[in-house]
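What follows is one structure encoded as structure tokens, with my remarks underneath.
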Amino acid sequence: MILQSDWIRIFIFAGLTRQAINDRYLADLRARVFDVVLQELRFEHGLAEPTAQQYEDEIEFVWGLHAAIFYVGVRKWVYGLPVPEDLDRLVAQKLDAFLASAPRALKNLRKTT
1 MILQSDWIRI FIFAGLTRQA INDRYLADLR ARVFDVVLQE LRFEHGLAEP
51 TAQQYEDEIE FVWGLHAAIF YVGVRKWVYG LPVPEDLDRL VAQKLDAFLA
101 SAPRALKNLR KTT
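UniProt numbering puts the first residue of the sequence shown at 1, with every later residue one more than the last.
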């Protein structure tokens, strides 16, 4: 994800006007980033391939990280709200929290489906 003013604003506007840029970007994001992250997490934590429902639940888990990071940009460049100055540090904190919670979250997803 590109955490920059122009990109955030264009992406929001394109989504509101239903421009195809969002569809292509999001499909690519899922295939090239979300799926790879999930494969690596499953491997690292000894988890079997998910069922279709578990996979969708896993995708939602990764969307949570993406949303947390993207919304920093919305707060800053759409709403004009203050955010921490060091965005790299903030993203690293969000990623650390995601990775720390991933083993338990992915195992719990398999219990509920």
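Backbone N, C-alpha and C fix where the C-beta goes; we use that ideal spot for every residue, glycine too.
- Between the segment 60-70 and the segment 92-107, the count of C-beta pairs closer than 8 angstroms reaches three or more; the two stretches touch.
- Residue 36 and residue 82 have their alpha carbons spaced roughly 33 angstroms apart.
- By the neighbour-count definition (other C-beta atoms within 10 Å, threshold 16), residue 46 is an exposed residue.
- For residue 88, same chain residues with a beta-carbon under 8 angstroms away, outside a window of 5 residues either side, do not exist.
- In the DSSP assignment, residue 51 falls outside any alpha helix (DSSP H), carrying neither H nor E.
- Looking only at 48, 20 and 63, the smallest Cα-Cα distance to residue 31 is reached by 63.
- Residue burial annotation: residue 16 is exposed, with fewer than 16 other C-beta atoms found within 10 angstroms of its C-beta.
- Counted as a single uninterrupted DSSP element, the alpha helix (DSSP H) harbouring residue 42 occupies residues 35-44.
- For residue 7, the enclosing alpha helix (DSSP H) stretches over residues 5-17.
- Ranked by how close their Cα comes to the Cα of residue 110, the residues 48, 12 and 5 have 48 in first place.
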